[in-house]
Every structure is written in C-alpha cells, then in structure tokens.
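Reviewing the structure listed below.
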Amino acid sequence: MSEANPRRAGATATDEFSARQQEVDEARASEEGQEGRPYELRAATQGIFGELRADKAGLLAAIFLTIVLIGAVFAPWLAPQGPVEGNPSTASIDPIWAGGTWAHVLGTDAQGYDVLSRLMYGARTTLLIGFAVVLIAGLFGVTLGLIAGYRGGRTDRWLMRWVDVQVAFPGLLIALIMIAVLGPSKTSLIFVLSFNGWMVYARMTRGVVLAAKERPYVEAAEMVGCRPRRVMFVHILPNLTSSLVTLAVLEFARIILAEATLSFLGLGLQFPEVSLGVMANGGRDSFFSLPRLAIIPGVVITLIVLAVNFLASWLRVVFDPQEREKRFAAGATTAATTVEGAAT
Amino acid sequence: MGRYLSQRLGQGIVVILGVTTLVFVVTRMIGDPVNFILPLSASEEQRAALRSDLGFDRSILSQFGSFLRDAVRLDFGNSTYFRNEDALDVVMRFLPKTLQLAAAGMVMALLLSVPLGAIAALRPGGLLDKFLVTLSLIGLATPQFFLGQVILLLTSVKFNLVQFGDGPWTHLIFPALTLALPAIGRLTMVTRSAMIDELNSQYVKAARAKGVAARRIVGVHALRNAAIPFVTLFGWEVIRALAGYTLVVEAVFDWPGLGDLAILAIRERDFFLIQTIVFIVAIMVVLINIAIDVAYKIVDPRVKL
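Here the protein sequences come in this chain order: A and B.
Position 228 of the first sequence, counted from 1, bears residue number 240 in our numbering, the numbering being contiguous throughout.
Position 127 of the second sequence, counted from 1, bears residue number 999 in our numbering, the numbering being contiguous throughout.
Below, the structure written as structure tokens:
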C-alpha cells in the first residue's frame, strides 16, 4: 500500500510457497540421479504432469482436491443423505472409529444430520463461492489494472487511488456490515467478498502492464494500428497468465477461509443452507460436549487450503518458463529470489 | 518528510471519509432500527416519535450532513443498544481490551517469527528448515477460529489449565497466541526468504571473506537488510489483526473487546455504535499505515519519503 515499496506488494502470498521449491528441487535432483538422464528431456516428453509427478506434495494435493471436488460437485448423487435430512432420533451418533455404524461414517450432529453428507454439500457451497469470487473479482481487477496501466496518466492515478483507499478499509468489519445489510445469502457473500478482493488483481496487473508497455512488440502493435483494446487484451494480457493463475489459486484459498470465518461468526449463510463455515459455526453450540463437530469441518477447511497452496506452487513452476530455468541455474537460492515476478 | 507526511495524512482523511460514508449509506439500508429498540407492543405513534427523535425520518442526505457535522466534533450520537450511552464512550470502554490483545499477539509474532525465519534461512533445505516451513504452512492454512478452538479445547478441557475471560494477564496468553499464530506463519516465511536472499548477497560474501564472525553477519548485516520487507508486512499484520482477526479471536474466547462489540452492534442494528467503531478502526488503520512508512524510512535510510 505504501508507494515506497511496490516491489513487495503481496509478497507474503507467494513467498511461503517458494519455500517449498527447495523440497521439489531436491526430490527432482535425486530422481534425476537415479534415472541418469537430463531433466529437460523428461519434462519435454511428459509435459506438465511430469512436473506434478516430481512434486510429491503437489501430487498429493491434486489427488485430495480431485476427491473433494468430485464429492462436492456430485453431492446430490453421492451423499448418503440430504444436508438437512434427519431427526432427533438419529442425533449424536458416533463416527465409525468411535463405534458408529457405516450408515453414518462421520457420525451425526446434534440435530441428527449426517456429518459426511453435510460436508459434501458444505464443500459444494464453499467451493462455489470461492470460484465465483475469484472469477468476479479477477475479471474486475484485471480489467481495471489493464486500463490503469495502459492508459496511465490521470486514469491511472484515480484508479490506483481508489485501490489504495479500498485496501486501507478494515476488510472483515466492512464485510460483516455489508452482509448484515444485504441479508445472508450466497449471492451477497459472493458480492461482498468480491468487493473486498479485487484490488490485488488490479495492482498486479498494473505492475505487469507497466513493464510490458515499454517492450518493442507493444510499440510495434501500436505502430501497425492495433486499437488500444486489442493491444491490451491480445498483446499484453498473455504476459499475465503465469502470475495471474497463481494469484487466482491463492486467492481461492483465501476466499475459502474468509467464507468460513464469516459463517463461523454467525453472519454468513444461515440454516438450511450449509457450507463448511456453517458447519464450523454449528460446532460451536456443542463445542465442549461434541468437539468433533467443530474439529471435522475445521480439519477439512485446513486440508483444502493447504492443498490449494501446494497446487499453487506447482502451477507457478508449470506456467512460468523463467521459473523453471531459474531452478536449474542456481541451487538453493532460486526459490527465494524468483518470488518477485509472481508477487508484484 | 514533512511534505510526505502531510500528503499521507490527506490520503488518510480520504480513507476515513470513504469508509464512514460507505458504512453510513450501508447501515441506512438495514431494516428499521426502531423495531430493534422498542418492544413489539409499542404503538405506531411511539415508533414514529422515536424515529423522528433519532432523525431517521429525515432524508438520507440531511442525515448524512448532520452526521458529518457531528463527527468532526467527535459526537457520534448515542448507542441505542446501551440505553442511550454516548457511542464513543462505549467504544472507548471496549477498545483497551482489544488493544491489549492485539499488542500481546503482535509482540509474540515479532519475537517468534524473526528468530524462526532467520534460523530456517541458515541452512535452506535442511531438516530444521523443512520442519519450520511445514509448520508455517500449516499455521497459514488453518482458519483462525479453528486454531482458537483447538487451543481452547486443549488448554481448558483436556488439561484444565486456565479459565478464560476477564482476569489477570495469564488469560491473555492463549487468545493472543491464537491471534499471533497465522501471523507467525506468514512472517516466518517472509523473514526466511528475505534472509536467504541477503545471506547469498555480495556484501555478505565480502564480510565472510574478510573474516567477520558468522554471528555478526547473520545478526547485524543480513538481519538489518531483511528487516526492510519485514517492516511492511508486519505493519499489515497489525492492521489485519486490529481490523479483522481480533473479531474472530474475541468471538472464540469470549474476549470482551471491540470485535465482540462490533458483532453485537451489527446484530442489534445499533447504527450509531457501528459508525463509531468503524470510524475508530479506520483512524487506527491510517495511523499504522503512516507508522509503517516512517519505520520503513528508519530501517532503510535510502528510502526517500
């Protein structure tokens, strides 16, 4: 937010994952040693999934997320029960590892609803909100960032001032107030979280555009008479792919946490809607008697966010050729020094 | 510097004005607050009387005008929930608790993340580094309320360590730790990557070559330069803690602070209280932002403000 250090804007988000690059490097180094053939050849023959295979954490994360995604998308067909199907006679059944039955693998909650079914429906809502927010905030932020960076001058100043003002807002507090006004629904959650989240994209896009604008190919495009819109979207936008994909994935993780937090505070979605945050909120009521009702959704949220983060670090390598090159160029330091590109 | 500060202050006033305007407009869209104040049995005349008493029958613009006039004199009207107590007084009563929590949490974050990050950076890829990185990642990915619940469960139920709530400073530790943990995760990573950068730089090689003690290189040369990115991100952590994360921690631990008050005010549709809270938080955010830039200048004298 301070003009003094635009270089580091949002560095946290990517810094943490760069750290893991080390492990990836080492895993790959040992593998290379065994197979005795150059890495480039393998990468060339196996493509992006070769990268994924080498990145063990990334692979695990991808598998986990696939399972979650299938469970969420096909919840209406796969879930043993509906999200609010049950009655007091089935309340508080223990999960399978504590002497429960296969009918309720993760047990039931105090209302008699099947926890596994609720998890699947809950993940469905939470992931939907995550996707929608990333899409809306991303489109809005990237468009404004493109315009600000490409037009420059007064447009740029005003747009960036707008970003600055909004970044300085007390985010969670404003979100809570807005949701209270709009009423707790999926739509209002998506709106509020997008409203609070588009600025990162705008800043990052603007940074990349400012750098790309000076390149000869953009000048050439202008010279042969491309309209500004074409220059922006056809010539400059592709520069953004790698950093944008990573940022979007990281934002997705952040949104999942934000939704969970808002619903946990009791101001997000309400009964009979179910999301992972709603489940966490439900866990509060019987926290000391049935702590598993709080622990299960908590652990699931954590695992999803963790997996998404691992996936982001894998994507960063896959989508950024420079990133790959740098990994071979130097040893231990590459991870730390290549953060900037994706971060700013 | 002076010119810079006044410019920042001007920008800060724009932020505060923007936030208060937004909140004003938004709160006026919440259902009729009168229904929350009066009992169900109140007659229509009573409702109308209260409405005109509070000024809700006037146009939004005229309401906003008088709101701004009063805000300049720090008069935010009376809280409707706390039986006509001055809203600013109510906020000031709850604020110290939150400041206490945030201060304790941020001091913890500062004291833990810097050494942890520096240690991890000493041998990147080493066992200790891997351990710390994994721990930080888990800390980052865990929702704050869940961290709080786990800590609450472990301390108060399993080990019967402490009772939470109002009381001596020991009760502060676990809420503050909950507030600090995600920040520790993020800041450790930042310190680590900044330190790796610095330890591989030319000036560190030069210092090594001329025989400066390793401890001095890490503790004085590298750490000082690594502090540059750290300062900004630490400032952001403080802002996020004050303007958001304390809400969560206070809800989990029943900590009677500003966050708790904010949720109460939103639930009870206490307009004047909401506006006051947002105003105070916005002022704190602006001040911290300025403090970040000043600290930045102190850490890195090359920066021109």
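Idealized CB from N, CA, C, for every residue including glycine.
This one's a predicted model, so the numbers in the text were calculated from it and none came from an experiment.
Buried or exposed (CB count within 10 angstroms, at least 16 for buried), residue i
i                 : result
Glu916 (chain B)  : exposed
Tyr229 (chain A)  : exposed
Val236 (chain A)  : exposed
Gly882 (chain B)  : exposed
Thr346 (chain A)  : Unreliable placement is indicated for Thr346 (chain A), whose pLDDT of 37 sits below 50; no coordinate value is reported for it.
Trp89 (chain A)   : exposed
Asn956 (chain B)  : exposed
Phe283 (chain A)  : exposed
Lys969 (chain B)  : buried
Ser287 (chain A)  : buried
Gln1016 (chain B) : buried
Met172 (chain A)  : buried
Leu151 (chain A)  : exposed
Asp925 (chain B)  : exposed
Leu119 (chain A)  : In the sequence as presented, Leu is not what sits at residue 119 (chain A); that position holds Gly. Classification for Gly119 (chain A): buried.
Met1067 (chain B) : buried
Phe896 (chain B)  : buried
Thr113 (chain A)  : exposed
Test: residue i CB closer than 8 Å to a CB of chain A
i                 : result
Leu973 (chain B)  : no
Gly1020 (chain B) : no
Leu1025 (chain B) : yes
Phe1017 (chain B) : yes
Gly890 (chain B)  : yes
Ala1009 (chain B) : First, the residue type needs correcting, since residue 1009 (chain B) is Leu and not Ala in the sequence shown. Yes, Leu1009 (chain B) lies at the interface with chain A (some Cβ there is under 8 Å from its Cβ).
Ile1135 (chain B) : yes
Val877 (chain B)  : Sequence check: residue 877 (chain B) is Leu here, not Val. False, the Cβ-Cβ gap to chain A never drops below 8 Å.
Gly989 (chain B)  : no
Gln918 (chain B)  : no
Asn1161 (chain B) : yes
Ala943 (chain B)  : no
Ile1138 (chain B) : yes
Val886 (chain B)  : yes
Gly1116 (chain B) : yes
Thr952 (chain B)  : no
Test: residue i CB closer than 8 Å to a CB of chain B
i                : result
Asp106 (chain A) : no
Ala152 (chain A) : The question names Ala, but residue 152 (chain A) is Phe in the sequence shown. Not one chain B Cβ lies under 8 Å of Phe152 (chain A).
Met216 (chain A) : no
Pro196 (chain A) : no
Phe276 (chain A) : yes
Asp121 (chain A) : no
Asn321 (chain A) : yes
Gly310 (chain A) : yes
Glu44 (chain A)  : Residue placement at Glu44 (chain A) is flagged as unreliable, the pLDDT there being 48, under the threshold of 50; a coordinate-derived value is accordingly withheld.
Ile202 (chain A) : no
Gly183 (chain A) : yes
Ala361 (chain A) : Lying outside 13 to 356, the shown extent of chain A, residue 361 (chain A) is not represented and no answer is given.
Val317 (chain A) : yes
Asp176 (chain A) : yes
Ala180 (chain A) : yes
For residue j and residue i, the rounded distance between their alpha carbons
i                 : j                 : result
Leu72 (chain A)   : Phe322 (chain A)  : 9 Å
Ala1098 (chain B) : Gly124 (chain A)  : 54 Å
Leu269 (chain A)  : Thr1060 (chain B) : 20 Å
Lys1176 (chain B) : Gly1020 (chain B) : 41 Å
Phe207 (chain A)  : Val193 (chain A)  : 14 Å
Val1157 (chain B) : Met211 (chain A)  : 17 Å
Met363 (chain A)  : Leu999 (chain B)  : Outside the displayed span of chain A (13 to 356) sits residue 363 (chain A), for which this structure offers no information.
Glu1104 (chain B) : Ala981 (chain B)  : Sequence inspection shows Thr at residue 1104 (chain B); the Glu mentioned does not correspond to that position. Cα to Cα, Thr1104 (chain B) sits roughly 14 Å from Ala981 (chain B).
Glu1122 (chain B) : Lys1082 (chain B) : 52 Å
Leu983 (chain B)  : Glu1109 (chain B) : 14 Å
Gly1057 (chain B) : Leu1136 (chain B) : 30 Å
Gly293 (chain A)  : Ala992 (chain B)  : Here residue 293 (chain A) is Asn; the residue named in the question, Gly, does not match the sequence. One C-alpha to the other measures close to 36 Å.
Leu184 (chain A)  : Leu1159 (chain B) : 18 Å
Leu256 (chain A)  : Ile313 (chain A)  : 24 Å
Gly949 (chain B)  : Gly1116 (chain B) : 24 Å
Heavy atom of the ligand MG within 7 Å of residue i beta-carbon
i                : result
Pro284 (chain A) : Judged by which ligands are present, the structure shown has none, so any question about the ligand MG falls away.
* contact_flag[the stretch 955-967 of chain B, the stretch 1144-1155 of chain B] where n(CB pairs < 8 Å) is 3 or more -> yes
* Asked: Where in the stretch 949-1037 of chain B do unbroken runs of the beta strand (DSSP E), each at least 3 residues long, occur, reported from the N-terminal end onward?
  -> Correct list: empty.
* Within the chosen definition, does the stretch 1070-1085 of chain B reach the stretch 140-151 of chain A through at least 3 CB pairs nearer than 8 Å? -> no
* **Cβ contact check for the stretch 314-329 of chain A and the stretch 69-83 of chain A: 3 or more pairs under 8 Å** => Judged by Cβ distances under 8 Å, the stretch 314-329 of chain A makes contact with the stretch 69-83 of chain A, as three or more pairs qualify.
* In chain order, which continuous runs of the alpha helix (DSSP H) of length 4 or greater are located wholly inside the stretch 1075-1157 of chain B? -> 1095-1112, 1118-1125, 1130-1139
* **Unbroken stretches of the alpha helix (DSSP H), 4 residues or longer, contained in the stretch 271-297 of chain A** => For the stretch 271-297 of chain A, the continuous alpha helix (DSSP H) assignments of 4+ residues that do not extend past its boundaries occur at 288-297, in sequence order.
* Counting pairs of beta carbons, one from the stretch 216-227 of chain A and one from the stretch 245-254 of chain A, are three or more of them closer than 8 Å? -> yes
* Contact set between the stretch 1062-1095 of chain B and chain E, restricted to residues whose Cβ is under 7 Å from the partner -> Absence of chain E from the displayed structure is noted, the protein chains being A and B.
* **Three CB pairs or more closer than 8 Å across the stretch 157-176 of chain A and the stretch 214-221 of chain A** => yes
* **Those runs of the alpha helix (DSSP H) which lie wholly inside the stretch 149-224 of chain A and span at least 4 residues** => Those alpha helix (DSSP H) runs which fall completely within the stretch 149-224 of chain A and span 4+ residues are 165-179, 183-194, 198-209.
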